[in-house]
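Residue numbering for the sequence shown is 2 to 372, as defined by the working numbering.
We treat Cβ as the ideally placed atom computed from N, Cα and C, and that holds for glycine.
Report on the following structure.
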Amino acid sequence: MAALEGFSGIAAHNVSLIHDCDSLGSNRRIFIIGVGLSALVCILGIVCNILVMVVFWSEKPLRSTSYLLLWVAFADNISLLHNLLLYVIPSFHPFTGIAEDYFWVSSKISLHTWAIGSIANSLGIYLVIFVSLDRYVAVCKPVKSKEFCTIQKWRPRVLGLVVACILYNSPRFFDATTIGYNNCSNSSTTHAVCFVYDVKEGWELYNLVYRFYLQSLTFNVFPIVILVFFNVSLICFLRRRAGRLPKRSSGNGKRNKAKEKNVEITIVVIVIVSLMIMTALPSVAYLVFNIFRANLPPDVLMFERYFRPTANAFFLLNSALNFFVYGLFGSHFRQRLKVLLCRCCPRQQWNKALLQESSSNAGLRNMEEDT
């Protein structure tokens, strides 16, 4: 689930595209997947996450789930911005020859700032776990929700998580000698240009224990197991509730409406977690690939140059998709977004949107009491 540190491509001796037809075709495919698609995802994701933060920040009163999702959008934007500035844009030069000055400057900056991206990645992963935990307690342990699922309770937890992520990733500020593209071939005519993360000499144990085993557990295995547990629990709750729904249809209308909004929020969280798990699968597959790479035939190893940029693109996609999840499955999010956009409309339409928003807020306050 952490961003993959590197992918390889083939370029000419002067760091421009080579003229061999087969290699040129491979190079173009790697460029489209690893650079072009990643650039599009980063830009789209940054814009969408800004809209998400504006919408959630305008929510009055701010609910605990929205507070955590606001933090998720912030962490995702830091991760996307980091990838765009230090990975995607510098990648244009090895494949096209453009932006040479930025390429060399970013290579020097990366040594001192690459850990920021790692901090944002780990923060985003565990914030999603916080969101799932918040929903799990709210719907599966409602007796504890009023004490556990409050912004006042979540603020110190989030602050503690930020500190923990900074401390955990702090070795990355000092562990590398090279972060960026480097020549991976001894050929005098055609060079394989690889994005490398070279750990300092003598740090072999650190590289094995911290950067491989520990990172695999903390960024892949442990989060996926926890998220699957919460997601299955939430899905089972919704199925049980759906079975009881006809018996309660004659109850209080406002109460039922508030419960429906509570279910809507839970569905949004389930979809977000499901997407996160699915987009993490390529990273998990790449982890398995690295474990068994010594026993793999050369023709299978050749696929690595396609697989690594694809897995990284999927990782970035996870940070950019949440806006569309909120828009598709969250009617309240759509309503708030419409209110914000109506500020550019005539006053009559703006007042109508405000009335609709006030009505929606009344239902939300009832929902908070139920959860």
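ask   = What does DSSP give as the partner residues of T179 in its beta bridges?
value = D199
Cβ-Cβ distance between V132 and V270 below 8 angstroms = yes
key: Where the alpha helix (DSSP H) containing C150 begins and where it ends   = Unbroken run through C150: none, as it is neither H nor E.
request  = Go through its chain and collect everything with a Cβ distance to V36's Cβ below 8 angstroms, but skip five positions before and after it.
outcome  = V89, S92, F93, F96, P310
ask   = In the segment 14-96, which residue ranges form an unbroken alpha helix (DSSP H) of at least 4 residues, counting only runs that do not cross its ends?
value = 22-32, 39-58, 65-84
Burial state of F230 (16 or more Cβ within 10 Å) = exposed
task = Taking I278 and I225 to be in contact with their CB atoms under 8 angstroms, please state how far apart those CB atoms are, rounded to whole angstroms.
result = Their Cβ separation, rounded to whole angstroms, is 6 angstroms, which keeps I278 and I225 in contact under 8 angstroms.
inquiry  = Can you find the residues in the same chain that come closer than 7 angstroms, C-beta to C-beta, to C43, ignoring five residues on each side of it along the sequence?
reply    = L81, N84, L85, V89, L317
query = Near N170, which residues of its chain fall below 6 angstroms by C-beta distance, leaving aside the five closest residues on each side in sequence?
reply = A116, S119, I120
ask   = Relative to the C-alpha of F75, which residue among N122, A177, D102, V264 is closest?
value = N122
ask   = According to DSSP, is A100 helix, strand or coil?
value = coil
C-alpha gap between V301 and F293, whole angstroms = One C-alpha to the other measures close to 11 angstroms.
message = So for M279, helix, strand or coil by DSSP?
response = In this structure, M279 counts as helix in the three-state DSSP scheme.
inquiry  = Just to confirm, is the Cβ distance from C166 to L228 under 8 angstroms?
reply    = no
ask   = Roughly how many whole angstroms lie between the Cα atoms of V163 and L52?
value = Computed Cα separation, rounded: 23 angstroms.
key: Contact under 8 angstroms by Cβ, A40 with L112   = no
request  = May I ask you to report which of helix, strand or coil DSSP gives L322?
outcome  = coil
Rounded Cβ spacing between S65 and T151 (contact assumed at less than 8 angstroms) = 6 angstroms
query = Among L218, N232, A314, T267, which one has its Cα closest to the Cα of V289?
reply = L218
key: Which of helix, strand or coil DSSP assigns to K109   = The answer is helix: DSSP assigns K109 an H, G or I state.
task = Let me know the secondary structure DSSP gives G331 once reduced to three states.
result = coil
inquiry  = As a quick exercise: from R29, S320, A139, Y198, pick the residue whose alpha carbon is nearest that of N263.
reply    = A139
key: Beta-carbon gap between L239 and T280 smaller than 8 angstroms   = Between L239 and T280, the C-beta spacing is not below 8 angstroms.
request  = Report the three-state DSSP secondary structure of K339 (helix, strand or coil).
outcome  = In the structure shown, the three-state DSSP call for K339 is helix.
request  = Alpha carbon to alpha carbon, how far is Q216 from S250? Give it in angstroms, no decimals.
outcome  = The predicted position of S250 is uncertain, since its pLDDT is 48 and thus under 50; a value taken from the coordinates is nonetheless stated next. Roughly 49 angstroms separates the two Cα atoms.
ask   = With 16 as the cutoff for other CB atoms within 10 Å, does V210 come out buried or exposed?
value = exposed
request  = Report the three-state DSSP secondary structure of F304 (helix, strand or coil).
outcome  = F304: coil per DSSP, three-state reduction.
request  = Label S59 either buried or exposed according to how many other C-beta atoms from any shown protein chain fall within 10 Å of its C-beta, with 16 as the threshold for buried.
outcome  = exposed
request  = In angstroms with no decimal places, state the Cα-to-Cα distance between F308 and Y287.
outcome  = 8 angstroms
ask   = Rounded C-beta distance between V56 and L341? I'm assuming under 8 angstroms.
value = 6 angstroms
task = Let me know if L38 comes out buried or exposed under the rule of 16 or more other beta-carbons within 10 Å of its beta-carbon.
result = buried
request  = Using beta-carbon positions only, say whether L128 and W72 come within less than 8 angstroms of one another.
outcome  = yes
message = Is it buried or exposed, Y214, if we count other Cβ atoms within 10 angstroms and call 16 or more buried?
response = exposed
message = Can you give me the C-alpha to C-alpha distance between E265 and W204, rounded to a whole angstrom?
response = 49 angstroms
Contacting residues, own chain, Cβ-Cβ under 8 angstroms from L338 (five flanking each side not counted) = L52, V56, G328
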